[in-house]
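Letter by letter, the sequence shown follows residues 15 to 216 in the numbering used here.
Below: the structure, in structure tokens.
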Amino acid sequence: SWDGEPAVIISLIDITARKSAERELEQSELLCQTVLGNVHDGVFLVQDARILFVNQAGAEMVSACAAALRDSPFLSLVAPESVDRVANCFRHCEAHGRGATLNEIFLLSQDRERRVVVQMQMALLSYTGQPATVVTLNDITAHKHAEETIKEEAEMAAALVRVGQGLITSLETPVVIDRLCRMTTEVIGCDCSYAILWDPQK
């Protein structure tokens with residue numbers, strides 16, 4: 015009471031600075047999500063070996079939903095033949111703040127028809143007061159397919175040169191046909207090869 019009359023004490027706490035900081039944080043997070051959502055590289059935030067965040071490009075690389083990937087082990091996305099290299103890169107990143115660039119890392123895609131090959135980079139940062147790793151993935155699948163196609167074409171061209179050289183060395187028809195069949199079988203990798211001679215009169 016105050017002077018014998020009932021009274022209420024009202025306490026006011028100025029939270030203007032806190033609300034302003036909260037708004038700035040929300041805007042910063044929105045900006046971050048907008049930027050990461052529009053880059054073509056896959057971006058993963060990994061802490062304690064688990065995925066905390068993945069952008070849309072990263073989720074699409076493994077044909078998965080971004081929400082479904084959260085809290086799953088990052089190494090579960092890596093093909094067995096690449097797991098050791100990626101795990102070593104994580105350890106190196108934790109020790110030195112940055113991992114080496116890894117080329118030709120194979121990922122496991124939910125779409126079994128697609129074999130995903132990426133270039134991977136890592137950097138260490140602090141998230142919620144704990145160390146975390148930002149993993150950036152550049153999809154080089156199309157580039158690798160193009161390289162393999164060029165290699166196959168070069169091998170086929172070299173094989174055809176060998177066949178041509180073999181044919182040139184002998185002009186006797188039975189010998190030429192025998193060599194043609196043997197070299198064709200070798201080049202194509204089939205069990206046997208037959209040559210049928212065309213007789214325009216028949």
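Glycine included, every Cβ here is placed at the ideal spot set by N, Cα and C.
None of the values given here were measured: they were computed from a predicted structure.
Name the two residues that bound the continuous beta strand (DSSP E) containing residue i.
{"i": "phenylalanine 88", "result": "Premise fails: phenylalanine 88 is in no beta strand (DSSP E) and is neither H nor E."}
{"i": "asparagine 69", "result": "No beta strand (DSSP E) holds asparagine 69; DSSP gives it neither H nor E."}
{"i": "serine 123", "result": "Premise fails: serine 123 is in no beta strand (DSSP E) and is neither H nor E."}
{"i": "tyrosine 141", "result": "130–141"}
Is residue i helix, strand or coil when you go by DSSP?
{"i": "alanine 109", "result": "helix"}
{"i": "alanine 21", "result": "coil"}
{"i": "aspartate 62", "result": "coil"}
{"i": "proline 214", "result": "coil"}
{"i": "valine 148", "result": "strand"}
{"i": "valine 57", "result": "strand"}
{"i": "aspartate 98", "result": "helix"}
{"i": "leucine 174", "result": "helix"}
{"i": "alanine 31", "result": "helix"}
{"i": "alanine 168", "result": "helix"}
{"i": "cysteine 160", "result": "According to the sequence shown, residue 160 is alanine rather than cysteine. DSSP places alanine 160 in helix when its eight states are reduced to three."}
{"i": "cysteine 103", "result": "helix"}
{"i": "serine 207", "result": "coil"}
{"i": "valine 49", "result": "Here the model assigns valine 49 a pLDDT of 49, short of 50, so the residue's position is not dependable and the matter cannot be decided."}
Which residue comes first and which comes last in the alpha helix (DSSP H) that contains residue i?
{"i": "leucine 83", "result": "80–83"}
{"i": "leucine 194", "result": "187–202"}
Using a Cβ-Cβ cutoff of less than 8 Å, which residues in the same chain neighbour residue i once the five nearest sequence positions on both sides are dropped?
{"i": "leucine 174", "result": "Val201"}
{"i": "arginine 99", "result": "Leu116 and Ile119"}
{"i": "arginine 129", "result": "Phe120, Ser123 and Thr155"}
Pull the bridge partners of residue i from the DSSP assignment, please.
{"i": "asparagine 117", "result": "Asparagine 117 pairs with nothing; no bridge assigned."}
{"i": "aspartate 153", "result": "Val132"}
For residue i, I'd like the list of residues in its chain whose CB is within less than 6 Å of its CB, leaving aside the five on either flank, ordered along the chain.
{"i": "phenylalanine 67", "result": "Leu59"}
{"i": "histidine 106", "result": "Gly113"}
{"i": "serine 86", "result": "Ile65"}
Using a Cβ-Cβ cutoff of less than 7 Å, which residues in the same chain neighbour residue i once the five nearest sequence positions on both sides are dropped?
{"i": "valine 97", "result": "Leu89"}
{"i": "leucine 83", "result": "Ile65, Val68 and Ala73"}
{"i": "cysteine 195", "result": "Ser207, Tyr208 and Ala209"}
Segment contact flag, the stretch 127–144 with the stretch 166–174, C-beta cutoff 8 Å, min 3 pairs: no
contact_flag[the stretch 112–122, the stretch 22–30] where n(CB pairs < 8 Å) is 3 or more: no
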